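Novice: Position one of the sequence shown corresponds to residue 1 (the numbering used here), numbered consecutively onward. Every residue, glycine too, gets a C-beta built ideally from N, C-alpha and C. Model, not experiment: these values are computed from the prediction.
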Amino acid sequence: MTQPSTGQPTPGQATAHQSPYPTGRVRDAIRRRRRGIRLVSPTGADVVSPAQLPTGAERAKAMLPSLFTLGNMMCGFISVLLSFDREFTAAAVLIAVAILLDIADGAVARAVGSITPFGLQFDSLADLISFGIGPAVLLHMWGFNGTGVWSWVVPLLWLACAAFRLARFNVTIDPLADKRYFIGLASPAAAGVVLASVFLFDPPFEGRWVALPLCVGVIPALLMISSYRFLSFRTLASPKGKGVYVTAGAIVLAIIGFAIIPAITGAIMAFGYVLVAPVGWATAPIRRRVFGAHTVAPPRHKQPSVFFQVADEDDDDDEDDEPEHDTDHQPARPTSQER
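1. Buried or exposed: which applies to R86, given that a residue is buried once 16 or more other Cβ atoms fall within 10 Å of its Cβ?
2. Between A91 and the rest of its own chain, which residues show a CB-CB distance below 7 Å, the 5 nearest in sequence each way excluded?
3. For V306 and W150, what's the separation of their Cα atoms in angstroms?
4. Which whole-angstrom value is the C-beta distance of L159 and G192, which I expect to be below 8 Å?
5. Is W142 buried or exposed, if buried means 16 or more other CB atoms sit within 10 Å of its CB?
6. Excluding the 5 residues flanking G257 on each side, which residues of the same chain have their C-beta closer than 7 Å to its C-beta?
7. Whose CA, out of I129, M269, F88, lies closest to the CA of A163?
8. Taking the Cβ atom as the reference point for each residue, do V112 and L157 lie within a distance shorter than 8 Å?
9. Can you tell which of L70, F118, A109, L120 has its C-alpha closest to the C-alpha of V97?
10. Just verifying my parser: in three-state terms, what is the DSSP assignment at I78?
11. What's the call for L253, buried or exposed, on a 16-neighbour Cβ count within 10 Å?
12. DSSP state of Y273, grouped into three classes?
13. The alpha helix (DSSP H) spanning I219 covers which residue range?
14. So, A267 versus L200, is the Cβ gap smaller than 8 Å?
15. Going by beta-carbon coordinates alone, are A136 and P117 separated by less than 8 Å?
16. Do you know whose CA, among P278, E58, C75, lies nearest R229's CA?
17. For the alpha helix (DSSP H) holding L354, just list the boundary residues, first then last.
18. With H, G and I counted as helix, E and B as strand and the rest as coil, what does DSSP make of Y245?
19. What distance in whole Å lies between the Cβ atoms of D105 and D127, which are believed to be in contact at a cut-off of 8 Å?
20. For R288, count neighbouring C-beta atoms within 10 Å of its own C-beta (all shown protein chains included) and say buried if the count is 16 or more, exposed if not.
21. Quick one: Cα of W152 to Cα of V218, how far?
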């Protein structure tokens, strides 16, 4: 017995004039997510999307970190122009300002809750200009006087390593990663080595000093794409942990050093940070044997890519056994990790 038509489509039945917009539980879920401003980034972190915010004031607050990122990029570009004008000290100062703005944009983003995939990509593009192109041009003009084969090889190597470092950072996630460490030397820290060298060795290098700019350019560049683990800046500045007093004392000594001998203090800090990871790796067996395993960083976990999933041997067998998920329910979010 057939039921009379009511003019309403039955479940699963499509109509020619059906609304393309979400309805029912899907629409309500979208509204709840917009009210809560909760979106899922590729790393699984809750982020703020300015387009989802209801008022202009909230959208402006969400875009605030990008203003610091924009300032970072502008400082890097001006540094390039100053390097070509042979204003090397001013160019180095602009890159130093870019480092401060790069630190500030992350802090502001966390403070206002606007860590977005857009901000991640924009920050990396700005970093490529400020800490990739800027130091590369500075090495070309200041380190090698713009002449000779090394004046091209070393800056190109620096730029390639910085781009690889930033791209690897953007597409790699590791929920089990120890957040106390960076994998590879961070590009701002690598740029700091060039800045410290500019302030320490002024005027620029002459031909007989070619080994010095060669080391200043090549070693940090290769460390950027290495798998050495460097202490995170946030960890060093964190008020938590047993090393808080050591960190506070180091900050006080650094301030005194910058007030008395700024160039030497900057060089000690930059070169010391760069060398601590290779030296730590070389001395790890001895420290583990003498002082215990707690003095050595724990082993690293595999880092799956956001776009290319790294599968274990058992993953293919488990795929068929996984139950289907209800599309009306929001999926569980993986553990978040830092940029």
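Specialist: Working from what's here:
1. What you label residue 86 is simply residue 86 of the sequence shown in a count that begins at 1. Under this definition R86 is an exposed residue.
2. For this step, residue 91 is matched to residue 91 along the sequence shown. These residues qualify, in order along the chain: S79, L82, S83, L138.
3. Translated into positions along the sequence shown, residue 306 becomes position 306. Translated into positions along the sequence shown, residue 150 becomes position 150. With a pLDDT of only 47 at V306, under 50, the local geometry of the prediction cannot be trusted, and no value is derived from it.
4. Residue mapping note: residue 159 aligns to position 159 of the sequence shown, counting from 1. Residue mapping note: residue 192 aligns to position 192 of the sequence shown, counting from 1. Not quite, the Cβ-Cβ distance comes to about 17 Å (not below 8 Å), so this is no contact.
5. For the purposes of this step, residue 142 is taken as residue 142 along the sequence shown, with counting starting at 1. With 16 or more Cβ atoms within 10 Å of its Cβ, W142 is classed as buried.
6. Start at 1 with the first residue of the sequence shown, and residue 257 comes out as number 257. Correct list, in chain order: T265.
7. As a first step, residue 163 is located in the sequence shown; it is residue number 163 there, counting from the start. It is I129 whose Cα lies nearest to the Cα of A163.
8. As a position in the sequence shown, residue 112 is number 112, starting the count at 1. As a position in the sequence shown, residue 157 is number 157, starting the count at 1. No, the pair does not count as a contact, with Cβ atoms beyond the cut-off.
9. Position 97 of the sequence shown, counted from the first residue, corresponds to residue 97. Per the Cα distances, L70.
10. Taking the first residue of the sequence shown as position 1, residue 78 is located at position 78. Helix, per DSSP.
11. Here residue 253 refers to the residue found at position 253 of the sequence shown. Exposed is the call here.
12. Here residue 273 refers to the residue found at position 273 when the sequence shown is read from its first residue. Three-state DSSP puts Y273 in a helix.
13. Translated into positions along the sequence shown, residue 219 becomes position 219. Its alpha helix (DSSP H) spans residues 211-224.
14. In the sequence shown, the residue the question calls residue 267 occupies position 267. In the sequence shown, the residue the question calls residue 200 occupies position 200. Against a cut-off of 8 Å, the Cβ pair of L200 and A267 comes out as a contact.
15. Translated into the one-based positions of the sequence shown, residue 136 becomes position 136. Translated into the one-based positions of the sequence shown, residue 117 becomes position 117. For A136 and P117, no; Cβs fall outside 8 Å.
16. On the sequence shown, residue 229 is found 229 positions in, with the first residue counted as 1. If we check each option's Cα against that of R229, P278 comes out closest.
17. This structure leaves residue 354 out entirely; the chain is present only between 1 and 339.
18. For the purposes of this step, residue 245 is taken as residue 245 along the sequence shown, with counting starting at 1. Y245 falls in the helix class under three-state DSSP.
19. The count along the sequence shown starts at 1 and reaches residue 127 at position 127. The count along the sequence shown starts at 1 and reaches residue 105 at position 105. With 8 Å as the limit, D127 and D105 do not qualify as a contact, their Cβ atoms being about 10 Å apart.
20. Working through the sequence shown from its first residue, we reach residue 288 at position 288. The residue in question, R288, is exposed, as its Cβ has fewer than 16 Cβ neighbours within 10 Å.
21. Here residue 152 refers to the residue found at position 152 of the sequence shown. Here residue 218 refers to the residue found at position 218 of the sequence shown. Cα to Cα, the separation comes out at about 12 Å.
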